[in-house]
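Residue numbers (our numbering): -14 to 566.
Following this line, the structure appears as structure tokens:
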């Protein structure tokens, strides 16, 4: 693998120069039938060097390396090393990975990345009220849910406490207290409180609703895949990576109700008095009921804000280092918190890189793909002239039980072949037969929308897939930099494969040749003897060194053969023009 990395590094340095505009198309170098321009060579050299500081010796050495590299690639191609199944599979994988950046709208992607970067600087605490409304809901049901959300918001703006409204109206069951019917355990409701979160920790529409709502205000209804949300932004703070606290804990199952038994109240009061006269550590030792933290003088394991309840975090981060809080209620009991320190998140180029990777896997990336699809439809003259007739045909002829069945074929329905293409773009088309075969993948699906609506969803899916697939085939024509990237990887793989065959593995496998070479150089590895007799290190002790040297010998012999097969011709006049620069 080390050799492979070296080979690919070499190709990246040498051939990536093609990505830069060639300063001159004059032919500097001919290697066999391949012609290499002055601009290509200069760009490759400048990838890791400054041409203005290069001496003639530097350039000639690099020219020789470059010519050797091109000879090896030509030889590998002549041996058809790039036709194997394994080679094509790896090349195809690389092409698909590299293509992804061209299959989204770069402008929209940049906007989403910048938005995520700015949001990563903060953490928000929010509560919500959910009114469920599936994406497939009928318009009248969607409108009813929206109007109900507006009505609830108006009540809150007129004085109704948000937490009370969440308990009363929210269709997120976690808002209310409940008893698990299986375990019979009582669970406190969160009254809509979601605690603290930052970018990419909530679904994108909800995240946007929260970040776009001013602190202390309630959003207008925000639509997500779950329904409509009212979002109350309770806090907004600089992003924190770790919070370090110590605590004194008193167990109490009634704490979240805001209640305490007389003996618990007395103990809490006693702790408050003790904290005025004693060190926090001494009070921990005497009163805390959390054995794990008690053994560490109350110190807790550091945590991120999204890993603790909102009230717990809010109480801690409002303290100054060394200060302690009043008792804070939790599901388990009462906590006296002391803030020890906070490590704030570092937002930098590394953050941007991580966010970019997350963005490609996040649902918000669909905005970028949708934008690209709209542009491609215009570019490729997308038309749906035959769609209406085809949809009418399917609605009329699709058996009622089709989606509950797994055996009914609709791609051979009478008359389907006579229908005009449902859509066309570039030189492509999607026929009714092709659409019918695509629809067949969804047999056995339980529909929760009318059939015509489901068919429309499927149609948009196949159109999007087809256009992007076609665009993928056009990338090498549209984007020279993509074409060069693929060529570089192709040549880099060839360079590795042929070096492995002709040099690296050959030196290891040729035991007779290796032994013969060792005999020719062993005098360079003497071993001192007490009686001054002449001894040499055995091959077993210096095998790695000898293999490395033997590889150099084999490569030199091989390059001599390649130069005879692929003559190298340098245009000295063009070369001298480089020196003048």
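Yeah, the Cβ is synthetic: ideal placement off N, Cα and C, and Gly gets one too. Note that the structure is a prediction, hence the values are computed from the model and not measured.
TODO: Note down, in chain order, each residue of its chain lying with its Cβ closer than 7 Å to the Cβ of residue 140, except the 5 sequence neighbours on either side.
DONE: Position 155 of the chain shown, counted from the start, is the residue given in the question as residue 140. For residue 140, where only same-chain residues beyond five positions count, the Cβ hits under 7 Å are 150.
Open item on the list: Which same chain residues end up closer than 8 Å to residue 543 when comparing Cβ atoms and leaving out the 5 residues on each side of it in sequence?
Closed with: Mapped onto the chain shown, residue 543 falls at position 558. Cβ within range, chain order: 487 and 488.
TODO: Just confirm the distance between the C-beta atoms of residue 256 and residue 268, as a whole number of angstroms; I'd bet it's less than 8 Å.
DONE: Start at 1 with the first residue of the chain shown, and residue 256 comes out as number 271. Start at 1 with the first residue of the chain shown, and residue 268 comes out as number 283. The C-beta distance from residue 256 to residue 268 rounds to 6 Å, short enough to fall under 8 Å.
Open item on the list: Among the candidates 539, 512 and 536, whose CA atom is the shortest distance from the CA of residue 526?
Closed with: For the purposes of this step, residue 526 is identified with residue 541 of the chain shown, where counting begins at 1. Distances from the alpha-carbon of residue 526 to those of 539, 512 and 536 put 512 closest.
Task: Neighbourhood of residue 275 by C-beta distance below 6 Å, restricted to the same chain and skipping five residues each side - done: Mapped onto the chain shown, residue 275 falls at position 290. Excluding residues within five positions, the ones whose Cβ falls inside 6 Å are 234.
Open item on the list: Checking the sheet assignment: what are the DSSP bridge partners for residue 230?
Closed with: Here residue 230 corresponds to residue number 245 of the chain shown, with the count starting at 1. For residue 230, which the question treats as bridged, DSSP gives the partners 324.
Task: Every unbroken beta strand (DSSP E) within the segment 426 to 459, with a cutoff of 3 residues, ordered by chain - done: List check, beta strand (DSSP E) in window: nothing returned.
TODO: Measure the alpha-carbon distance for residue 212 versus residue 404 and round it to whole angstroms.
DONE: For the purposes of this step, residue 212 is taken as residue 227 along the chain shown, with counting starting at 1. For the purposes of this step, residue 404 is taken as residue 419 along the chain shown, with counting starting at 1. A straight line joining the alpha-carbon of residue 212 with that of residue 404 spans about 39 Å.
TODO: Measure the C-alpha to C-alpha separation of residue 8 and residue 58 and round it to an integer number of angstroms.
DONE: Counted from its first residue, the chain shown places residue 8 at position 23. Counted from its first residue, the chain shown places residue 58 at position 73. With a pLDDT of only 47 at residue 8, under 50, the local geometry of the prediction cannot be trusted, and no value is derived from it.
Task: Beta-ladder partner(s) of residue 521, from DSSP - done: As a position in the chain shown, residue 521 is number 536, starting the count at 1. Residue 521 pairs with 511.
TODO: Determine, using beta-carbon pairs with one atom in the segment 200 to 208 and one in the segment 129 to 148, whether at least three such pairs fall under 8 Å.
DONE: Result yes; three or more Cβ-Cβ pairs closer than 8 Å.
- [ ] Have a look at 135, 524 and 185 and flag the residue whose alpha-carbon is nearest the alpha-carbon of residue 501.
- [x] Translated into positions along the chain shown, residue 501 becomes position 516. Answer by Cα proximity: 524.
TODO: Check residue 249 in the structure and name its three-state DSSP category.
DONE: As a position in the chain shown, residue 249 is number 264, starting the count at 1. Helix at residue 249.
- [ ] Give me the Cα-Cα distance between residue 456 and residue 349, rounded to the nearest whole angstrom.
- [x] Position 471 of the chain shown, counted from the first residue, corresponds to residue 456. Position 364 of the chain shown, counted from the first residue, corresponds to residue 349. Answer to the nearest angstrom: the Cα atoms are 21 Å apart.
Task: C-beta atoms of residue 115 and residue 157 nearer than 7 Å - done: Position 130 of the chain shown, counted from the first residue, corresponds to residue 115. Position 172 of the chain shown, counted from the first residue, corresponds to residue 157. Their beta carbons are under 7 Å apart, which means residue 115 touches residue 157 by this criterion.
- [ ] Take every Cβ of the segment 406 to 416, pair it with every Cβ of the segment 353 to 370, and state whether three or more of those distances are shorter than 8 Å.
- [x] A contact exists between the segment 406 to 416 and the segment 353 to 370.
Open item on the list: Using the three-state DSSP reduction, which class does residue 6 fall into: helix, strand or coil?
Closed with: Numbered from 1 along the chain shown, position 21 holds the residue referred to as residue 6. For residue 6, the pLDDT reaches just 37, beneath the cut-off of 50, and the residue's location in the model is therefore unreliable, although a value from the coordinates is still provided. DSSP places residue 6 outside both helix and strand once states are collapsed to three, so it counts as coil.
- [ ] Please confirm whether residue 182 and residue 262 have their CB atoms less than 7 Å apart.
- [x] In the chain shown, residue 182 corresponds to position 197, counting from 1. In the chain shown, residue 262 corresponds to position 277, counting from 1. In this structure, residue 182 lies away from residue 262, with their beta-carbon atoms at least 7 Å apart.
Open item on the list: Measuring CB atoms only, is the segment 351 to 364 touching the segment 74 to 94, in the sense that at least three cross pairs come out at less than 8 Å?
Closed with: In this structure the segment 351 to 364 lies against the segment 74 to 94, because at least three pairs of beta carbons, one per stretch, are closer than 8 Å.
TODO: Answer yes or no: do residue 324 and residue 306 have a C-beta to C-beta separation smaller than 7 Å?
DONE: The residue labelled residue 324 in the question sits at position 339 within the chain shown. The residue labelled residue 306 in the question sits at position 321 within the chain shown. Yes; because the gap between Cβ atoms is below 7 Å, this pair is in contact.
TODO: For residue 409, write down the residues that DSSP places opposite it in a beta bridge.
DONE: Within the chain shown, residue 409 is the residue found at index 424, counting from 1. Answer is 368 and 414, bridged to residue 409.
Task: First and last residue of the uninterrupted beta strand (DSSP E) at residue 111 - done: Locating residue 111 in the chain shown gives position 126, where the first residue counts as 1. Run containing residue 111: 107 to 117, per the beta strand (DSSP E) assignment.
Open item on the list: Less than 7 Å between the beta carbons of residue 460 and residue 90, yes or no?
Closed with: Counted from its first residue, the chain shown places residue 460 at position 475. Counted from its first residue, the chain shown places residue 90 at position 105. Against a cut-off of 7 Å, the Cβ pair of residue 90 and residue 460 comes out as no contact.
- [ ] Report the three-state DSSP secondary structure of residue 88 (helix, strand or coil).
- [x] Indexing the chain shown from 1 puts residue 88 at position 103. Note: residue 88 maps to coil in three-state DSSP.
Open item on the list: Tell me which residues share the same chain as residue 173 and place their Cβ nearer than 7 Å to its Cβ, disregarding the 5 neighbours each side in the sequence.
Closed with: Stepping through the chain shown from its first residue, residue 173 is reached at position 188. 162, 241 and 316.
Open item on the list: Buried or exposed, going by whether 16 or more other CB atoms sit within 10 Å of the CB of residue 342?
Closed with: Translated into the one-based positions of the chain shown, residue 342 becomes position 357. Residue environment for residue 342: exposed (fewer than 16 other C-beta atoms within 10 angstroms of its C-beta).
Open item on the list: Can you tell me whether residue 35 is helix, strand or coil according to DSSP?
Closed with: Counting from 1 along the chain shown, the entry for residue 35 is found at position 50. The answer is coil: DSSP assigns residue 35 none of H, G, I, E or B.
TODO: Give a yes or no on whether the C-beta atoms belonging to residue 23 and residue 538 are separated by under 7 Å.
DONE: For this step, residue 23 is matched to residue 38 along the chain shown. For this step, residue 538 is matched to residue 553 along the chain shown. At least 7 Å separates the beta-carbon of residue 23 from that of residue 538.
TODO: Reducing DSSP to helix, strand and coil, say where residue 576 ends up.
DONE: Outside the modelled stretch of the chain, which goes from -14 to 566, sits residue 576, for which no answer is possible.
Task: Complete runs of the alpha helix (DSSP H) confined to the segment 41 to 93 [at least 4 residues] - done: Counting only runs of 4 or more, we get 41 to 63 and 70 to 84.
- [ ] Could you have a look at residue 528 and say whether DSSP puts it in helix, strand or coil?
- [x] Counting from 1 along the chain shown, the entry for residue 528 is found at position 543. Looking at residue 528 - three-state DSSP - the assignment turns out to be helix.
Task: Separation of residue 78 from residue -1, as counted between CA atoms - done: Within the chain shown, residue -1 is the residue found at index 14, counting from 1. Within the chain shown, residue 78 is the residue found at index 93, counting from 1. For residue -1, the pLDDT reaches just 48, beneath the cut-off of 50, and the residue's location in the model is therefore unreliable, although a value from the coordinates is still provided. One C-alpha to the other measures close to 22 Å.
Task: Buried or exposed (CB count within 10 angstroms, at least 16 for buried), residue 25 - done: Within the chain shown, numbered from 1, the residue matching residue 25 stands at position 40. A residue is called buried when at least 16 other Cβ atoms come within 10 angstroms of its Cβ; residue 25 meets this threshold and is buried.
Open item on the list: What does DSSP give as the partner residue(s) for residue 19 in the beta ladder?
Closed with: As a first step, residue 19 is located in the chain shown; it is residue number 34 there, counting from the start. The partner list for residue 19 (beta bridge, DSSP) reads 16.
TODO: Can you say whether residue 515 is buried or exposed, counting buried as having 16 or more other CB atoms within 10 angstroms of its CB?
DONE: As a position in the chain shown, residue 515 is number 530, starting the count at 1. Per the 10 Å Cβ criterion, exposed.
Task: residue 556 to residue 12 span [Cα, whole Å] - done: Residue 556 sits at position 571 when you count from the first residue of the chain shown. Residue 12 sits at position 27 when you count from the first residue of the chain shown. In this model, residue 556 and residue 12 are separated by some 7 Å (Cα to Cα).
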